[in-house]
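Undergrad: Got a structure for you, written out below as structure tokens; questions coming shortly.
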Amino acid sequence: MKHFLAVFFSLVVLTGLAQEGERGSIAKKTNTISEGVKHALVVGISKYHEAGLRLNYAKNDAALFKDYLLLSEKIPVENIAYLVDEDAVSINILRSLKKLLQNTQSGDVVYIYFAGHGDVVDDFGEKEGFLLAADANANQEYYAGGVVPLALLNDKVVGKMAEKGVKVILILDACRSGFIFQEGTQKNMGTIQAMFENSTKILSCGPNELSYESSDISHGYFTYYLVKGLLGKADSNTDNNLQYRELDDYLYDNVSATVSKKHKQSQTPVLRTQNDRLVLKPVNIADNNIDIESFKNNIKSSTAIASVRGVNSEKTPEVAGVITSFNTAITKKNYYGRPTSALELYKNASKNSAFTEGLLFKMASELIKELSTSAQQLINKYISGASVLPQGTEFSKQAKHLEICLELMGEDDFLYDRVYSSKLMLDAYAIIQSKNYSAYNVAKKKLKEALKVQSRAAYIHNALGMVYSYQQVYDSAHYHYKEAKELITTWATPVKNIGVNLLEQYQYDEAKEYLDSSLGMTGSNEDSFIKLGIINENQGKYKLAENYYKKALEINPKNTIALKKMSDIYELKGNLKNAAIWYNKAFELDSLKTIIETGLNAYIDNNNVDNKTAEQLFLNAIDLQPNTSVVYCEYADYLRTNKTNKNRLRYADSLYGLAIKKDPHNTWAYAGRGRLYYNMRNAKKAKQSFEEGIAKNPNKPLSYYYYAEYFKNVFKNNQYAEPFYLKAIKKDKYFIPAYSGLVEIYNKQKQYSKSITLLNNMIKTTPEAPDFWNLLGDTYYEKGAYLDAINAFKEAIKLDESYSKSYVNLGYSELHSNNFEAAKTYYHKAVDNNPVKNKSSDIAAYIVSMAKNKNRFGTPQETKDLFKLAYDIDVSGNSGIPYSECLYLNSEPDLAFKIAESTYKKVKGINLETDVLKLLVKCSIDNNDSINADKYFKILSTVNKSPDLLLAGIYYIFKGDVNSGYALIDKTNPLILRSPKLKEMYSKETIQNYIFKN
33 MKHFLAVFFS LVVLTGLAQE GERGSIAKKT NTISEGVKHA LVVGISKYHE
83 AGLRLNYAKN DAALFKDYLL LSEKIPVENI AYLVDEDAVS INILRSLKKL
133 LQNTQSGDVV YIYFAGHGDV VDDFGEKEGF LLAADANANQ EYYAGGVVPL
183 ALLNDKVVGK MAEKGVKVIL ILDACRSGFI FQEGTQKNMG TIQAMFENST
233 KILSCGPNEL SYESSDISHG YFTYYLVKGL LGKADSNTDN NLQYRELDDY
283 LYDNVSATVS KKHKQSQTPV LRTQNDRLVL KPVNIADNNI DIESFKNNIK
333 SSTAIASVRG VNSEKTPEVA GVITSFNTAI TKKNYYGRPT SALELYKNAS
383 KNSAFTEGLL FKMASELIKE LSTSAQQLIN KYISGASVLP QGTEFSKQAK
433 HLEICLELMG EDDFLYDRVY SSKLMLDAYA IIQSKNYSAY NVAKKKLKEA
483 LKVQSRAAYI HNALGMVYSY QQVYDSAHYH YKEAKELITT WATPVKNIGV
533 NLLEQYQYDE AKEYLDSSLG MTGSNEDSFI KLGIINENQG KYKLAENYYK
583 KALEINPKNT IALKKMSDIY ELKGNLKNAA IWYNKAFELD SLKTIIETGL
633 NAYIDNNNVD NKTAEQLFLN AIDLQPNTSV VYCEYADYLR TNKTNKNRLR
683 YADSLYGLAI KKDPHNTWAY AGRGRLYYNM RNAKKAKQSF EEGIAKNPNK
733 PLSYYYYAEY FKNVFKNNQY AEPFYLKAIK KDKYFIPAYS GLVEIYNKQK
783 QYSKSITLLN NMIKTTPEAP DFWNLLGDTY YEKGAYLDAI NAFKEAIKLD
833 ESYSKSYVNL GYSELHSNNF EAAKTYYHKA VDNNPVKNKS SDIAAYIVSM
883 AKNKNRFGTP QETKDLFKLA YDIDVSGNSG IPYSECLYLN SEPDLAFKIA
933 ESTYKKVKGI NLETDVLKLL VKCSIDNNDS INADKYFKIL STVNKSPDLL
983 LAGIYYIFKG DVNSGYALID KTNPLILRSP KLKEMYSKET IQNYIFKN
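Per the working numbering, the very first residue in the sequence shown carries number 33; after that it's consecutive.
Below you can see the structure in the form of structure tokens.
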């Protein structure tokens, strides 16, 4: 037997009961009151849309009770509304309740049975109870839909029926096992008892108990014995009149005993009524002899019938044909917008007298169910905190679905207000999800209107907070996030959004607290981990940021945002090799999103995209994301940096204008436009554009930083730049780009102490940030304090071994400290991690230049070591030739020949080829290698048609043709022979043996 751990709420409400009596008194016979027409609504939900809410036997219990009503109570099948699983959505349940209310009159009997989940939430001190329909969310955001409010059921259904004299039997199995909010579902028992006063209540268990079920009987014990008791097994005195007290005793004796024996747990059914001697129902002798298994045998067929979707009809062929077409349209999701759509078929049918009111109700209900369920599923996904939501167009589509529902429902429908507010929310979120910032005021207006209808809807408060947050009205954003948080204390999204709200105000410590507290709450943790990563990234704590991004990827390896952030982190650390690896992973999953977020211009530059293709790429991006400011800005940047035609530059200006209109908080749009105006020789408009960016974004450090960069790099005025860097830091004390700009200014002005003081203060504040150590190392390097520079760079690497910026800097510092082996190690790491910025050829060229200076002012060994270091780093002609030449001039012709011969295979260009061939000939002569001397002199003569007379003369003397050799030497410029430069061209062995031998 499966342990079910269910708390099963069952209560029976009979209006117009007798006087209250004491339990255990002598039973009084009561005459059966004549009854009118019997009706029933039976609801059972095992297969909730949310996997976390699904049950085992609720659907079976509903089927069992329905069969009891059919076979024992003899209720006609047309008088029973039977809703199970996907059909038991809230809108269907409430429409069926309203139909019952409309179609009943005094003396009628109504059975309302519900098997599924129930919950209660603390709504600012008030307990609000709910029955959860199939489309309920798993986050306790019940004002978003998918529920039947108990207050509505009590006040607008049961209460109104009682006023009409209708006898209502209400059976609620609304506290099932496995429910994720067990405490809430247990409290719901108290809520039900408090609400349904002066009524008979039958509960499956007492307070702090749970109900159990069995896989052997495929039911909960309570339902199983309830039906058996109602069939007559509970009629203990066999007088054929079943009293409440008899049913109570029967349930206690059977349920309690079975659960105690099989589960070692307590489950005590409770029956409370105004008079427990009252007859609940007369017992049909034939029913008493019925085996409950015969009821259970009907369940399979009952559920099969219920699983046939659509509307059934046995009317005329004309009606049957329309119904068939209607069901086909529903199946194909052809809901509206076409002549053959379900909506048009319904409208036409409503004008045809052949269609009864009941049939039209079924058609409307089926269409409403399909449309509202689709919309509710999207709302539930939003509430779940899913890391990836559909595009804005999908929210617009679902808003249209609810608009059709409203048209079909009528304003007096129980759920009209809820559907209307959900429609407004979906309309608003379509704008939010599309990042259509220019329409955010429209979204705000819709959300405010939605809150007037449903002031306790947490999901609407949360969306409104997002609008205010973007508009930088942070207090209002915080208010609505807090409201959402208090309405659903377990929901992570508003808690996370409070953290994001604080992050956007650069209040990092407070933001961390909220984001940390959101972890483990209901909803996905992916986005919280990413936001925690962003905080640490902003503070320069790249290792911690990387760990948070990886945690997000552990949850969802296909999270392109986290993959892209990993790429960004490595790029910030100067490690383009790893940055490219993470970028490619994101690109494989979503190439367009990755390209746009990384930057269209960066993609164009990295892939050498031609002008025509580039412009088409921008146009395609605009078509795909017409409301995204950044694509217009990127296109404008491309035109600004690649075009000189005035018309194209004016077009760039208009694109910047569109970018600003789409998003007034796009700080770069103002900065890019300012640079454009400067290029167009309009410094006044450039200044205005930068200052407008600051005015629109006074709290963003980037707006000040861009202005500072303009003054420093474009306007070449460090005096103007410095205060704007400082203002950026005032807005965000961790804003590393501004520190980098300031340090560059101070170091160029040789104000090293200002840089050192500034950086040491930040290192005390955030010692985990390698950037500040790296900038400190740069400062010491510029100052010439290489040992201090080395120590600072090593501190950066100690914090994060993948921080590649410090490797190349360490290499140069070690180089100037004559630690060549250490320099080589760091250079190799720098080149490996960032071969684009740290080109081996550039590093080698610097070292070659340094070696040439050492040749004049240092020792021969230092010179040779530097040339060797350059060659070890970059095995090319540019470093191989000077190294080979150094060896040759220092009487190491054998090694010089090997280096030169290896280099010859790699050189490109006639000049380099000529130089290396000359070296090969020279080395061969000093090695007394006639074969190679002949080989390479012959090639040299072919490559260079203007022979080097001095080298040719030396070669001929080496070969034994002394006369010809000296004849050529005599033709050489005598100034060369007398110049000290001769020793820079030929080894002392060659000079002694061949040039001045005579």
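Cβ atoms here follow ideal geometry from the backbone N, Cα and C, with glycine treated the same way.
(1) Does the stretch 791-805 come close enough to the stretch 813-820 to have 3 or more Cβ pairs within less than 8 angstroms?
(2) If A147 sits next to S128, beta carbons under 8 angstroms apart, how far is it from one beta carbon to the other, in whole angstroms?
(3) Based on DSSP bridge pairs, tell me the residues matched to V116.
(4) Report yes or no: do three or more beta-carbon pairs, one from the stretch 510-526 and one from the stretch 171-186, lie closer than 8 angstroms?
(5) Can you check DSSP and say which residues form a bridge with G985?
(6) Thinking C-beta only, is L1014 closer than 9 angstroms to L1000?
(7) Could you say which of I628, S122 and Q751 lies nearest to S397 if we only look at CA atoms?
(8) State the DSSP-derived secondary structure class of V663, mapped to helix, strand or coil.
(9) Using a 10 Å radius around the Cβ and a threshold of 16 neighbouring Cβ atoms, would you call A703 buried or exposed?
(10) How long is the line joining the alpha carbons of I1023 and N865, rounded to whole angstroms?
(11) Between the stretch 445-456 and the stretch 194-206, do three or more beta carbon pairs fall short of 8 angstroms?
(12) Determine, using beta-carbon pairs with one atom in the stretch 854-862 and one in the stretch 590-603, whether at least three such pairs fall under 8 angstroms.
(13) Tell whether a beta-carbon distance below 9 angstroms holds between N588 and S416.
(14) Should the stretch 778-796 be regarded as contacting the stretch 629-637, the criterion being three or more beta carbon pairs within less than 8 angstroms?
(15) I'd like the list of long-range same chain contacts for K219, defined as Cβ closer than 6 angstroms, with 5 residues on each side in sequence excluded.
(16) How is A594 classed by DSSP in three states: helix, strand or coil?
(17) Per DSSP, what are the beta-bridge partners of D205 in this structure?
(18) Can you name, in chain order, every residue of its own chain whose Cβ lies under 6 angstroms from the Cβ of Y784, other than the five neighbours on each side?
(19) Using a Cβ-Cβ distance cut-off of 9 angstroms, determine whether M712 contacts chain D.
(20) If I'm right that Y504 touches N731 with Cβ under 8 angstroms, what's the distance once you round it to whole angstroms?
(21) Does the distance from the C-beta atom of K467 to that of N652 stay below 9 angstroms?
(22) Pick from L535, E754, I963 and A928: whose alpha carbon is nearest that of V948?
(23) Using DSSP's beta-bridge definition, name the partner residues of N273.
(24) Pick helix, strand or coil for K91, following the three-state DSSP scheme.
(25) Can you have a look at T935 and say buried or exposed, based on whether 16 or more other CB atoms are within 10 angstroms of its CB?
(26) Since Y835 and Y574 should fall inside the 8 angstroms C-beta cutoff, what is the C-beta to C-beta distance between them, to a whole number of angstroms?
(27) Keeping to the same chain, check which residues put their C-beta closer than 6 angstroms to that of A72; ignore five residues upstream and five downstream.
(28) Measuring straight from C-alpha to C-alpha, what distance separates K313 and E376?
(29) Do K70 and Y145 have their CB atoms nearer than 9 angstroms?
(30) Among the residues of its own chain, which have a CB less than 7 angstroms from the CB of T290, if the five just before and after it don't count?
(31) Which class does H510 belong to by DSSP, given the choice of helix, strand or coil?
(32) Alpha carbon to alpha carbon, how far is E350 from T388?
(33) Can you find at least 3 beta carbon pairs, one from the stretch 684-699 and one from the stretch 478-495, that sit closer than 8 angstroms?
(34) Our contact map puts N9 next to A855 with C-beta atoms below 8 angstroms; I'd like the distance itself, whole angstroms only.
(35) Alpha carbon to alpha carbon, how far is G773 from T946? Give it in angstroms, no decimals.
(36) When burial is assigned at 16 or more other CB atoms within 10 Å of the CB, is R707 buried or exposed?
TA: Taking the coordinates as given:
(1) no
(2) The residue you call residue 147 lines up with position 115 of the sequence shown. The residue you call residue 128 lines up with position 96 of the sequence shown. That belief does not hold up - the Cβ atoms of A147 and S128 are roughly 15 angstroms apart, past 8 angstroms.
(3) In the sequence shown, counting from the first residue as 1, residue 116 sits at position 84. BP columns for V116 point to G76.
(4) yes
(5) Reading the sequence shown from its first residue, position 953 is the one you call residue 985. According to DSSP, G985 bridges with nothing at all.
(6) By one-based count along the sequence shown, residue 1000 stands at place 968. By one-based count along the sequence shown, residue 1014 stands at place 982. Not a contact, by the Cβ cut-off of 9 angstroms.
(7) Looking up residue 397 in the sequence shown gives position 365. With distances taken between Cα atoms, S397 lies closest to S122.
(8) Counting from one through the sequence shown, the residue named residue 663 turns up at place 631. V663 falls in the helix class under three-state DSSP.
(9) Sequence index remark: in the sequence shown, residue 703 carries index 671 (1-based). Flag for A703 reads buried.
(10) Mapped onto the sequence shown, residue 1023 falls at position 991. Mapped onto the sequence shown, residue 865 falls at position 833. Roughly 46 angstroms separates the two Cα atoms.
(11) no
(12) no
(13) Numbered from 1 along the sequence shown, position 556 holds the residue referred to as residue 588. Numbered from 1 along the sequence shown, position 384 holds the residue referred to as residue 416. No. Outside cutoff.
(14) no
(15) Translated into the one-based positions of the sequence shown, residue 219 becomes position 187. Low per-residue confidence applies at K219: pLDDT is 48, beneath 50, and the placement is therefore not dependable, though the value from the model is reported in the following sentence. Hits under 6 angstroms: V152.
(16) Here the question's residue 594 lines up with position 562 in the sequence shown. In this structure, A594 counts as helix in the three-state DSSP scheme.
(17) By 1-based counting over the sequence shown, the position of residue 205 is 173. Looking at the DSSP assignment, D205 forms a beta bridge with A147.
(18) As a working mapping, residue 784 is identified with position 752 in the sequence shown. Contacts found: T811 and K815.
(19) This model lacks chain D altogether, as it is built from one protein chain only.
(20) Along the sequence shown, read from residue 1 onward, the residue named residue 504 stands at position 472. Along the sequence shown, read from residue 1 onward, the residue named residue 731 stands at position 699. It should be noted that the sequence gives Gln, not Tyr, for residue 504. So it is a contact: roughly 6 angstroms between Cβ atoms.
(21) Residue mapping note: residue 467 aligns to position 435 of the sequence shown, counting from 1. Residue mapping note: residue 652 aligns to position 620 of the sequence shown, counting from 1. No, the Cβ-Cβ distance between K467 and N652 is not below 9 angstroms.
(22) Stepping through the sequence shown from its first residue, residue 948 is reached at position 916. It is A928 whose Cα lies nearest to the Cα of V948.
(23) Mapped onto the sequence shown, residue 273 falls at position 241. According to DSSP, which records beta bridges pairwise, N273 is partnered with P314.
(24) The sequence position of residue 91 within the sequence shown is 59, counting from 1. The answer is helix: DSSP assigns K91 an H, G or I state.
(25) Translated into positions along the sequence shown, residue 935 becomes position 903. Buried.
(26) By one-based count along the sequence shown, residue 835 stands at place 803. By one-based count along the sequence shown, residue 574 stands at place 542. Y835 to Y574, Cβ: 7 angstroms. Contact.
(27) Taking the first residue of the sequence shown as 1, we reach residue 72 at position 40. Hits under 6 angstroms: L101, I107, I112 and Y143.
(28) Position 281 of the sequence shown holds residue 313. Position 344 of the sequence shown holds residue 376. So the two alpha carbons sit approximately 47 angstroms from each other.
(29) The residue given as residue 70 occupies position 38 in the sequence shown. The residue given as residue 145 occupies position 113 in the sequence shown. No, the pair does not count as a contact, with Cβ atoms beyond the cut-off.
(30) One-based indexing of the sequence shown puts residue 290 at position 258. These residues qualify, in order along the chain: Y253.
(31) One-based indexing of the sequence shown puts residue 510 at position 478. Helix at H510.
(32) Within the sequence shown, the letter at position 318 stands for residue 350. Within the sequence shown, the letter at position 356 stands for residue 388. In a straight line, the C-alpha of E350 is about 13 angstroms away from that of T388.
(33) no
(34) No information on residue 9 is available, as it lies outside the stretch 33 to 1030 that the chain covers here.
(35) Reading the sequence shown from its first residue, position 914 is the one you call residue 946. Reading the sequence shown from its first residue, position 741 is the one you call residue 773. Distance between the alpha carbons of T946 and G773: 45 angstroms.
(36) Here residue 707 corresponds to residue number 675 of the sequence shown, with the count starting at 1. Buried.
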